[in-house]
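Numbering (this note's numbering), first residue to last: 1262 to 1404.
Below, the structure is given as structure tokens:
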């Protein structure tokens, strides 16, 4: 998979998404999957660092992240979600945890853009609404 048209920090999120998706789908080690993607794409160091930070956050906080998704996705169990949607949610929440200085709207907008590219039309609204509620909870907990 080549990402020629992806600029800036979005590439870090795409690389993180690939790693988390491969972890969920194939039970691959997510850090190794990320390093494979980095070796293939050869992004700048800043992009590599963000991708690693997101993946580490998801790995370190997976139970907490999955608990948040389950808590806020009423009538839509985690295991029934498409893997790509679950992966997008995980990396967005992982980024919110790892980079609280990045505004919630930026993270949510980027997750919606990933859903536009890799998932369905219905997923965009679902991901947007779910992440908005989860972000509000995370912000409340920081206070």
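Just so you know, even glycine gets a beta-carbon here, dropped at the ideal spot from N, CA and C.
Cβ distance (whole Å) where residue i is taken to contact residue j below 8 Å
i: residue 1316; j: residue 1353; result: That belief does not hold up - the Cβ atoms of residue 1316 and residue 1353 are roughly 13 Å apart, past 8 Å.
i: residue 1344; j: residue 1388; result: With a Cβ gap of about 13 Å, residue 1344 and residue 1388 do not count as contacting.
Cβ-based neighbour list, residue i, same chain, cut-off 6 Å, excluding 5 preceding and 5 following
i: residue 1294; result: 1280, 1283
i: residue 1314; result: 1359
Alpha-carbon spacing of residue i relative to residue j, whole angstroms
i: residue 1297; j: residue 1365; result: 29 Å
i: residue 1329; j: residue 1274; result: 20 Å
i: residue 1269; j: residue 1308; result: 7 Å
i: residue 1322; j: residue 1285; result: 15 Å
i: residue 1312; j: residue 1336; result: 31 Å
i: residue 1262; j: residue 1289; result: With a pLDDT of only 43 at residue 1262, under 50, the local geometry of the prediction cannot be trusted, and no value is derived from it.
i: residue 1342; j: residue 1380; result: 11 Å
i: residue 1390; j: residue 1403; result: 20 Å
i: residue 1300; j: residue 1377; result: 26 Å
i: residue 1287; j: residue 1363; result: 30 Å
i: residue 1340; j: residue 1386; result: 19 Å
i: residue 1306; j: residue 1338; result: 37 Å
Beta carbon of residue i nearer than 8 Å to that of residue j
i: residue 1318; j: residue 1358; result: yes
i: residue 1384; j: residue 1327; result: no
i: residue 1393; j: residue 1369; result: yes
i: residue 1333; j: residue 1400; result: no
i: residue 1291; j: residue 1320; result: yes
i: residue 1371; j: residue 1271; result: yes
Residues of its chain near residue i, where Cβ-Cβ distance is below 7 Å and the 5 sequence neighbours each way are ignored
i: residue 1265; result: Low confidence applies here, because residue 1265 scores a pLDDT of 41, under 50, leaving its location unreliable and the question unanswered by this model.
i: residue 1373; result: 1385, 1388, 1389
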